[in-house]
Amino acid sequence: MNFDHPNGQRINFTIFYNSNSSNLYTDCFQPISKKLEQEGFPKYYLKRNWIGGPNYTLKVMDEEGTFPISLMKEVEEMFLQFVSHNPSPPLDELLYRKKIEKIAHFENRKVKDLIRNNTVLTEVDKEMIEKETFENLQQLKSYEDLCCQMTQHVLSIQAKCLTRKEMDKEVFCMLIVLACHFPKWRSANNPNLQLHGFVSYYSHYVGFLHSLSMENKDKVETSFRMKFEASEEEYRSYTKEIIDRLKGKKEDVLQKWVEYLQYNWPKVQALYQDGAITYNSPYSTKEYDIEQYSEGHKNLMSNPTNLKELAEHEHFSTYRWILNVFYAHFPLLNTAALTKFYNTYALSTLYLKDNQLFDPLFHQFSKGVAKTDENVLSTVEK
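Numbering-wise (the numbering used here), the sequence shown opens with residue 9 and increments by one.
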């Protein structure tokens, strides 16, 4: 369970559990996190995995690598005690197989490599897979730091949101806030070309559609459109509420999300400036067919001049790095892949219908992340 790590050491606790119920967080992960903090281990993060069977891995880090055996045993006992009182629901092997097939499709991997003959990947195997994802140790450290903070935020959200609808609303609002932290940016080479978080969401949705058969594509587009039309006014109210929530005196998890972004944005931006990350990090955009992009992104990706400008655009690289960390935590927020793609569709559609709705948020957040970029659009420019 203990092994060398380039950023100190970590220990992994894995619980095989086929549910993401709220009591898993309130009665298991939250007490364990408090125990770790009390014992002087404030750096940890949580991952939900399906490879080898539905499971959660709690990764606890310490640069000195001094994990007390007594603490390890106590944390293991807390896991076992929870499972004994709350047995894992039975696994539907057919549904599990379908989920693994979807993962294999989106990650361009073979199903047999993910299932591994129905055996669990060892801790070292998991570690090697993660190390291969990153290009340098600065990327790995940044990812871990962001995940540690994000896990604490997830635990707060799980404690607050008692229903599925509350959770969906919170994730939707977090996506809005993140998109508006990426300031509207005007291309110096093409004044008509703009890039911002909502354009990125739309391209993400278009890429998803590209992976579907024509029949399924039509079904998804129809389903998403009907759901959006039924919920549009509700989404508008969410957006208008955000400013009030951020100004409120009562502590709000959305305020914590803004603090997370304002604190980490300059740190990730500095990584870009140091050359530790690029607009391709950690997953290269070269892996995707140009047809998977929205029209705005096609103009960027197919034009060498525009592509060079994008590669040198630090806000895009910063936004993309943080967005990937947020997406990685969607499973912990009960946000399925289809819901993620629906959210990107709904937000980009809402922006296209009424971009002025988001101007107060762009204005508020851009003051903190885009002080010197002459290509950042003011909220009155269209």
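Even for Gly, the Cβ is constructed at its ideal location relative to N, Cα and C. Quantities reported herein were computed from a predicted structural model and do not represent experimental measurements.
query, result
"For residue 355 and residue 239, what's the separation of their Cα atoms in angstroms?", "12 Å"
"Measuring straight from C-alpha to C-alpha, what distance separates residue 21 and residue 251?", "39 Å"
"Alpha carbon to alpha carbon, how far is residue 187 from residue 206? Give it in angstroms, no decimals.", "6 Å"
"Please return the same chain residues whose Cβ sits closer than 7 Å to the Cβ of residue 322, not counting the five positions on each side in sequence.", "277, 280, 281"
"How is residue 193 classed by DSSP in three states: helix, strand or coil?", "strand"
"Taking DSSP's pairing of strands, which residues face residue 20 in a bridge?", "67"
"When we look at the beta-carbon of residue 105 and count the other beta-carbons within 10 Å, is it buried (16 or more) or exposed?", "exposed"
"Is it the case that the segment 49 to 58 contacts the segment 81 to 90, given that we only count it when at least three CB pairs across the two stretches are under 8 Å?", "no"
"Taking 8 Å as the threshold, find out whether the segment 348 to 363 comes into contact with the segment 172 to 191 through three or more Cβ pairs.", "yes"
"By DSSP, does residue 268 sit in helix, in strand, or in coil?", "helix"
"Below 8 Å on the Cβ atoms is my guess for residue 333 versus residue 169; work out the distance and round it to an integer in Å.", "Their Cβ separation, rounded to whole angstroms, is 20 Å, which puts residue 333 and residue 169 out of contact at 8 Å."
"On the three-state DSSP scale, how would you describe residue 51?", "coil"
"In whole angstroms, give me the CA-to-CA distance for residue 147 and residue 62.", "27 Å"
"Can you give me the start and stop residues for the alpha helix (DSSP H) that residue 148 sits inside?", "145 to 168"
"Any idea what DSSP makes of residue 203, helix, strand or coil?", "strand"
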